[in-house]
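Everything in the sequence shown is counted per this note's numbering, starting at 2 for the first residue and increasing by one.
Beta carbons are placed, not taken as given, at the ideal position from N, Cα and C, and that holds for glycine.
Quick caveat, the model's predicted, so the values are computed rather than measured.
Read the structure below first, then the notes.
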Amino acid sequence: MAIAQYKYLDKVNSPDDLKRLTIGELKCYCEELRNYILECCSTNPGHLGSSLGAIELTVALHYVYDTPNDRIVWDVGHQAYAHKIITGRREAFLKNRMQGGISGFPRMAESEYDAFGAGHSSVSISAAFGMAKAVEMSGQKSHVVAVIGDGAMTGGLAFEGLNNAGASPKTNLLVVLNDNEMSIDKPTGALDRYLVRMSTSRFYNRLKNELWRALGVIPPLHRFIRWAGGAIKRGLLQNSNLFESLNFRYFGTIDGHDIVGLIHTLKSLKDIGGPKLLHIKTTKGKGYAAAEANPSVWHAPGRFDVATGERKRSEYKAARYQEVFGETLLELARLDERVVGITPAMPSGCSMNIVMRELPERCFDVGIAEGHAVTFSAGLAAAGKRPFCNIYSTFMQRAYDNIIHDVALQNLPVVMCLDRSGLVGEDGATHHGMFDLAYLGCVPNITIAAPRNELMLRYMMYTALQNNHPTAIRYPRGIGEGVEWQGAEFKELTEGKGETLREGSDIAIIAVGTMANVAMRAAEHSTRSVAVYDLCYVKPLDKAMVLDIGKRFSKIVTIEDGVLRGGVGETISAMLASEGLHPTIKHLGIDDKFVEQGTPAQLYSECGYDEESLLATLENL
2 MAIAQYKYLD
12 KVNSPDDLKR
22 LTIGELKCYC
32 EELRNYILEC
42 CSTNPGHLGS
52 SLGAIELTVA
62 LHYVYDTPND
72 RIVWDVGHQA
82 YAHKIITGRR
92 EAFLKNRMQG
102 GISGFPRMAE
112 SEYDAFGAGH
122 SSVSISAAFG
132 MAKAVEMSGQ
142 KSHVVAVIGD
152 GAMTGGLAFE
162 GLNNAGASPK
172 TNLLVVLNDN
182 EMSIDKPTGA
192 LDRYLVRMST
202 SRFYNRLKNE
212 LWRALGVIPP
222 LHRFIRWAGG
232 AIKRGLLQNS
242 NLFESLNFRY
252 FGTIDGHDIV
262 GLIHTLKSLK
272 DIGGPKLLHI
282 KTTKGKGYAA
292 AEANPSVWHA
302 PGRFDVATGE
312 RKRSEYKAAR
322 YQEVFGETLL
332 ELARLDERVV
342 GITPAMPSGC
352 SMNIVMRELP
362 ERCFDVGIAE
372 GHAVTFSAGL
382 AAAGKRPFCN
392 IYSTFMQRAY
402 DNIIHDVALQ
412 NLPVVMCLDR
422 SGLVGEDGAT
432 HHGMFDLAYL
442 GCVPNITIAA
452 PRNELMLRYM
462 MYTALQNNHP
472 TAIRYPRGIG
482 EGVEWQGAEF
492 KELTEGKGET
502 LREGSDIAII
512 AVGTMANVAM
522 RAAEHSTRSV
532 AVYDLCYVKP
542 LDKAMVLDIG
552 KRFSKIVTIE
562 DGVLRGGVGE
572 TISAMLASEG
582 LHPTIKHLGI
592 DDKFVEQGTP
602 AQLYSECGYD
612 EESLLATLEN
622 L
């Protein structure tokens, strides 16, 4: 990709280079940085909108603070593209999210400027407080800043961090609340409404900001500022500021795109110790009209034409699994008034927005709060509803205790739909849904289903509704197999019953979910006589089918889009061994490692369970 030449951008290879620019040059630099990110992301897609909105903030932070000695902790990392470019990765950004390239999120192993890894939300305050406490304990003079969005602030972990940090009045920590009134989708909940009220309170902001402007730049008056701020809190606001009630000094709101104002404010805040929160207002997609007009779509828009804003959509012959989920859930909700949908801030990503448009009273976006989403679903189920709780597999990890204690232990009929299971591609290690089969497989009472195609997903959702126990349905990101499913009559499956897809005599493949399609294609090209079996349900396993395979075949291959340790293949081997059956078994899946970014096809090949790898295994077994 040919990249344009930039007057200022090309001069900055580190925060030290950035500090050599004048304030006037910084404004030009911000525009060049914005254009560069647009140019790169137009052909190499990524998380665009959040990063465009955080450019001035990122530049100001690196201009004011002495990074990496001073630490900046980014929450999630969607907003960290400018950070990566400023910190010596401008050329590497051309391979952002590519196999062999840099991660789309901050990673400690990638750069000394990445103070903490980011991929899951709401962690920044807790991590930054830990760093700030370590700095305090060691007697160092460095600063620690946590940057968190208003969407991530709804996560319970963020408040745990605020509560703990507020109880440590001598620990120097700055939390920057980047309030763009968006997460992936429009934020929801009481906190969002609170932030809007607080940010638009003319009385509060005028009084506090005037005090700050008048006195904040004069060091001898800092004690008076502290007193004045306290007086505002005690006398005028009657302790109405949430953050100050948690013992954080609150400053804001200020314009997050005013580079001069940001630098002035951040410099002044460096001289004030203790826990502080700076509330800034930004626009998601700032500087690019199409992204500003539709921030949900432009959170991660795919490829697009910079000049026109036209997105370059791929033409698919098959539906995405997400669409199958959304439309099927709408049908089920119309069939059964007990059905409700729950999502933690991802209605468009998981396609629950399909139900929200038609039956808004039957859907709940609970914000970025996965644990709450599961326990809320448990409460709904305990009161007679049938909740379908859709959470990306990697984020369901955050609700593991809720699954065990609140759903499984009480045997409540919550249907947990684990979207984006398996290897998801370019988002990399933080986002792969590779652990769900292992971490759910050991939990009693839970039925685990894995559809191989669109129609099976539809059937499994219907089947889960008919039963009175917890069910997890895991399915991948992206397009299906092109199987006709729309309008198909609902069919109740037998839980724990597998299916023979192909007869054979030499080798048997036992597949999980969409790996059955890989198995069928490999079997058709093999010189061996290969039988293919789809488990359909991982738990309970079809014991009769597995034992029959173990008796009939001396060579077996298991294939799953998940980790091998604690996975389905190991469970099958143990089942066969317990019955005195010891065939030669080859397990294909993910070894004991984290998998980096790349296209799904590249990663399947890397992990050795794509069609070509499976075919080679069949020929050599």
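If you compare alpha carbons, which of the options is closest to residue i?
i: residue 265; options: 589, 568, 62 and 542; result: 62
i: residue 420; options: 488, 340 and 326; result: 326
i: residue 512; options: 181, 363 and 568; result: 568
i: residue 358; options: 346, 328 and 386; result: 328
i: residue 145; options: 138, 398 and 131; result: 131
i: residue 128; options: 104, 76 and 601; result: 76
i: residue 432; options: 13, 78 and 28; result: 78
i: residue 167; options: 316, 99 and 275; result: 275
i: residue 33; options: 19, 10, 48 and 50; result: 10
i: residue 50; options: 301, 43 and 176; result: 301
i: residue 400; options: 414, 376, 442 and 389; result: 376
i: residue 384; options: 340, 621, 532 and 254; result: 340
i: residue 6; options: 21, 30, 18 and 158; result: 30
i: residue 563; options: 91, 504, 440 and 103; result: 440
i: residue 371; options: 498, 527, 252 and 121; result: 121
i: residue 253; options: 115, 571 and 279; result: 279
When the distance is taken between beta carbons, is residue j closer than 8 Å to residue i?
i: residue 16; j: residue 68; result: yes
i: residue 284; j: residue 293; result: yes
i: residue 310; j: residue 57; result: no
i: residue 288; j: residue 299; result: no
i: residue 83; j: residue 38; result: yes
i: residue 449; j: residue 539; result: yes
i: residue 547; j: residue 576; result: yes
i: residue 560; j: residue 610; result: yes
i: residue 462; j: residue 494; result: no
i: residue 156; j: residue 369; result: yes
i: residue 95; j: residue 64; result: no
i: residue 479; j: residue 304; result: no
i: residue 464; j: residue 417; result: no
i: residue 99; j: residue 598; result: yes
i: residue 500; j: residue 537; result: yes
Rounded to whole angstroms, how far is the Cβ of residue i from the Cβ of residue j, which I believe are closer than 8 Å?
i: residue 172; j: residue 134; result: 6 Å
i: residue 489; j: residue 456; result: 6 Å
i: residue 422; j: residue 348; result: With a Cβ gap of about 19 Å, residue 422 and residue 348 do not count as contacting.
i: residue 351; j: residue 391; result: 4 Å
i: residue 81; j: residue 106; result: 7 Å
i: residue 397; j: residue 428; result: Actually they are not in contact, since the Cβ atoms of residue 397 and residue 428 sit about 15 Å apart, beyond 8 Å.
i: residue 507; j: residue 544; result: Not a contact, Cβ separation roughly 23 Å.
Does residue i pass the burial test, meaning 16 or more other C-beta atoms within 10 Å, or should it be called exposed?
i: residue 530; result: exposed
i: residue 238; result: Caution applies to residue 238, whose pLDDT of 42 falls short of 50 and renders its modelled position unreliable; the value that the coordinates give is listed next. Buried: at least 16 other Cβ atoms inside 10 Å.
i: residue 612; result: buried
i: residue 619; result: buried
i: residue 595; result: exposed
i: residue 154; result: buried
i: residue 335; result: exposed
i: residue 411; result: exposed
i: residue 445; result: exposed
i: residue 492; result: exposed
i: residue 46; result: buried
i: residue 496; result: buried
i: residue 524; result: buried
i: residue 406; result: exposed
i: residue 353; result: buried
i: residue 24; result: exposed
i: residue 85; result: buried
i: residue 147; result: buried
i: residue 553; result: exposed
i: residue 313; result: exposed
i: residue 21; result: exposed
i: residue 12; result: exposed
i: residue 113; result: exposed
i: residue 201; result: Residue confidence is low: residue 201 scores 45 on pLDDT, short of 50, so the model does not pin down where it sits. Its coordinate-derived value is still stated next. The residue is exposed, with fewer than 16 neighbouring Cβ atoms inside 10 Å.
Tell me, please, which residues DSSP counts as bridged to residue i.
i: residue 423; result: 434
i: residue 353; result: For residue 353, which the question treats as bridged, DSSP gives no partner whatsoever.
i: residue 587; result: 558
i: residue 365; result: 343
i: residue 278; result: 176 and 251
i: residue 509; result: 532 and 557
i: residue 387; result: 340
Does residue i get closer than 8 Å to chain D when you measure Cβ to Cβ?
i: residue 457; result: In the displayed structure, chain D is absent; only one protein chain is listed.
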